[in-house]
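Structure, as structure tokens:
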Amino acid sequence: MPYYRVVGEVPRKRHVQFRRPDGGLYAEELMGEEGFSSDSSLLYHRHLPTAIVKAEAVTQLTAPRLEPNVPLSPRHFRTQELTSAGDLVSGRMLLAGNADVRLSYATSDRASELYRNSMGDECVYVQSGRARFESTYGAIEAGPGDYVVIPTGTIHRWVPDGQVNALVIEASGHIRPPKRYLSQYGQFLEHAPYSERDLRAPSEPLLVEGEEVPVLVRTRGGLTRLVYRNHPFDVVGWDGCLYPYAFNIDDFEPVVKRTHAPPPVHQTFEGPGFVVCSFCPRPLDYHPEAIPIPYNHHNVDSDEFMFYVGGDYSARRGSGIDVGSISLHPAGFTHGPQPGAVEAVIDAVGRGVTTTSEVAVMVDTFRPLDLGRDALSCEDPEYAWTWAR
Numbered sequence: 001m002p003y004y005r006v007v008g009e010v011p012r013k014r015h016v017q018f019r020r021p022d023g024g025l026y027a028e029e030l031m032g033e034e035g036f037s038s039d040s041s042l043l044y045h046r047h048l049p050t051a052i053v054k055a056e057a058v059t060q061l062t063a064p065r066l067e068p069n070v071p072l073s074p075r076h077f078r079t080q081e082l083t084s085a086g087d088l089v090s091g092r093m094l095l096a097g098n099a100d101v102r103l104s105y106a107t108s109d110r111a112s113e114l115y116r117n118s119m120g121d122e123c124v125y126v127q128s129g130r131a132r133f134e135s136t137y138g139a140i141e142a143g144p145g146d147y148v149v150i151p152t153g154t155i156h157r158w159v160p161d162g163q164v165n166a167l168v169i170e171a172s173g174h175i176r177p178p179k180r181y182l183s184q185y186g187q188f189l190e191h192a193p194y195s196e197r198d199l200r201a202p203s204e205p206l207l208v209e210g211e212e213v214p215v216l217v218r219t220r221g222g223l224t225r226l227v228y229r230n231h232p233f234d235v236v237g238w239d240g241c242l243y244p245y246a247f248n249i250d251d252f253e254p255v256v257k258r259t260h261a262p263p264p265v266h267q268t269f270e271g272p273g274f275v276v277c278s279f280c281p282r283p284l285d286y287h288p289e290a291i292p293i294p295y296n297h298h299n300v301d302s303d304e305f306m307f308y309v310g311g312d313y314s315a316r317r318g319s320g321i322d323v324g325s326i327s328l329h330p331a332g333f334t335h336g337p338q339p340g341a342v343e344a345v346i347d348a349v350g351r352g353v354t355t356t357s358e359v360a361v362m363v364d365t366f367r368p369l370d371l372g373r374d375a376l377s378c379e380d381p382e383y384a385w386t387w388a389r
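Per UniProt numbering, the very first residue in the sequence shown carries number 1; after that it's consecutive.
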């Protein structure tokens, strides 16, 4: 994260004695990225964060296999047809992925177990419902439209309040705001579509007592369940620039041009080998002869994975795309508005329509996406031919 926060109790200096009320020492833990050469935070535990009493391999939650997108084809997946048998961690249904990123859909109404992803950051987009995100850093209340960004190695769990539907983006590295939005010192610049004021992070410690607490840990070697002697949510305070946070898509400020702007103006986050974009309601392009709708385009270096989460998709009318749909337009295929959509939007502008209403989350990857069995189970087989009708 680009700015410093302090939560709870911390000593005046780093790496000095910090004592509990009974005179014992709090246990200091440094969470740091890139070999302690990038962002970090210091957390102060009541108990040793290193004390484990058991470790066992977990084989029943092995990662599903992915299949190449062959024959090469645009795809439409209907997430409305997917139902999960698990929580927001164990119940993830893998839709697509490659060596850089895994994209899953989850729907659940039950609390997850404690979980630590040590392979990379996660970004969970809450499509609907509400959940409490609990971690060693504290808690965040998440609701519809929230992106929750979770740093690598953060022990956490999800506690839904009723049913929650979410898109889960699992990176092979770190997810951050785009560099072009930040000053050389890490402050959001004036041209950025969001700022520090829009980000929500834990504001107080989440102190939980307990003994022999299991934590599911994902590493490149697979899944392990570690049993900690004491509950890891025993942090009395922390400070630094590395922590989980939430950002709501409604706080994204769209960039508007006289003619249609390309997808990079919608970029929200960047990760290794991919970007995340937010398409939000905005004024239509206002040149008197503008075509206020996407032009046919061919992403020669990337696959485009688009999750439609709200509003009216006038550019895709007639294709079957609706709220809850995911489209995948791979490199090697040109895509764009449905036949007749350009004329319909020009006519709508003539009748006084001045804004868009669609809301969507897009993940562009720079390596081809392979497909998961859950995606293929809810695929619309007629989607690829809708431009030819």
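The beta carbon of each residue, even a glycine, is placed where N, CA and C say it ideally should be.
Just so we're clear, the structure is a prediction, and the values are computed from it rather than from any experiment.
query, result
"Using a threshold of 7 Å, is the CB atom of GLU113 nearer than that to any non-hydrogen atom of the ligand ATP?", "Among the ligands in the structure shown, none appear at all, so the ligand ATP cannot be discussed."
"Just to confirm my understanding: we take ASN248, look at its own chain, exclude 5 residues before and 5 after, and list those with CB closer than 7 Å. What are they?", "GLY145 and ASP146"
"How many Å lie between ARG373 and TYR44 at the Cα?", "43 Å"
"Considering only the alpha carbon of each residue, which of PRO244, GLN267, THR355 and SER327 lies closest to VAL7?", "PRO244"
"Decide yes or no for the touch test of the region 146-165 against the region 235-244: beta carbon pairs closer than 8 Å, at least 3 of them.", "yes"
"Less than 8 Å between C-beta atoms, sequence neighbours within five positions excluded: which residues of the same chain meet that for GLU203?", "The question names Glu, yet the displayed sequence has Ser at residue 203. These residues qualify, in order along the chain: VAL7 and GLY138."
"For the beta strand (DSSP E) that contains GLU304, what are its first and last residues?", "303-310"
"By the DSSP assignment, the beta strand (DSSP E) with ASP146 in it spans what residues?", "146-150"
"State buried or exposed for LEU189, treating a residue as buried only when at least 16 other CB atoms are found within 10 Å of its CB.", "exposed"
"Indicate whether LEU82 and CYS277 have their beta-carbon atoms separated by less than 8 Å.", "no"
"Per DSSP, which residues does GLN267 bridge with? Please list them.", "CYS277"
"Looking only at DSSP bridge pairs, what is ILE169 linked to?", "LEU103 and CYS123"
"Does any C-beta atom of chain B lie closer than 8 Å to the C-beta of ARG14?", "Looking at the structure shown, chain B is missing, and only one protein chain is on hand."
"Give the C-beta separation of SER319 and TYR228 to the nearest angstrom, bearing in mind that I take them to be a contact with Cβ-Cβ under 8 Å.", "Going by Cβ atoms, the distance from SER319 to TYR228 rounds to 50 Å, so no, they are not a contact pair."
"Is it buried or exposed, THR79, if we count other Cβ atoms within 10 angstroms and call 16 or more buried?", "buried"
"If you scan the region 173-229 from start to end, which runs of the beta strand (DSSP E) of 3 or more residues do you find wholly inside it?", "211-219"
"Specify the secondary structure class of VAL7 as computed by DSSP and reduced to three states.", "strand"
"Should GLN127 and LEU88 be called a contact, given that it needs their Cβ atoms to be closer than 8 Å?", "no"
"Enumerate in chain order the residues of its own chain whose CB-to-CB distance from ASP301 is below 8 Å, with the five nearest sequence positions on each side excluded.", "ALA331 and PHE366"
"Around the C-beta of GLN338, are 16 or more other C-beta atoms found within 10 angstroms, so that it is buried, or is it exposed?", "buried"
"Quick one: is ALA99 buried, meaning 16 or more other Cβ sit within 10 Å of its Cβ, or exposed?", "exposed"
"At what residues does the alpha helix (DSSP H) containing ILE140 begin and finish?", "Note, ILE140: premise wrong, no alpha helix (DSSP H); beta strand (DSSP E) at 138-142."
"In or out: PHE279 buried (at least 16 other Cβ within 10 Å) or exposed?", "buried"
"Count the other C-beta atoms from every protein chain shown that fall within 10 angstroms of the C-beta of PHE36, then say buried if there are 16 or more, exposed otherwise.", "exposed"
"Start and end of the beta strand (DSSP E) containing VAL345?", "That residue, VAL345, is in no beta strand (DSSP E); its alpha helix (DSSP H) goes 341-350."
"Can you tell me whether ASP161 is buried or exposed, with buried defined as 16 or more other CB within 10 angstroms of its CB?", "exposed"
"Does the region 108-117 come into contact with the region 175-195, if we say contact requires no fewer than three beta-carbon pairs (one atom in each stretch) closer than 8 Å?", "no"
"Examine the Cβ distances between the region 260-269 and the region 207-220 and report whether three or more of them are shorter than 8 Å.", "no"
"Considering SER377, what are the terminal residues of the alpha helix (DSSP H) in which it resides?", "373-377"
"If distances are taken between C-alpha atoms only, which option among GLY91, TRP387 and ASN69 comes closest to THR62?", "GLY91"
"By the DSSP assignment, the beta strand (DSSP E) with TYR44 in it spans what residues?", "40-45"
"Which same chain residues end up closer than 7 Å to residue 392 when comparing Cβ atoms and leaving out the 5 residues on each side of it in sequence?", "Absent from the structure is residue 392, since the part of the chain shown begins at 1 and ends at 389."
"Determine whether the beta carbon atoms of VAL164 and ARG130 lie at a separation below 8 Å.", "yes"
"Measure how close the beta-carbons of SER118 and SER84 come, nearest whole angstrom, since I'm counting them as under 8 Å.", "About 23 Å; that fails the 8 Å criterion."
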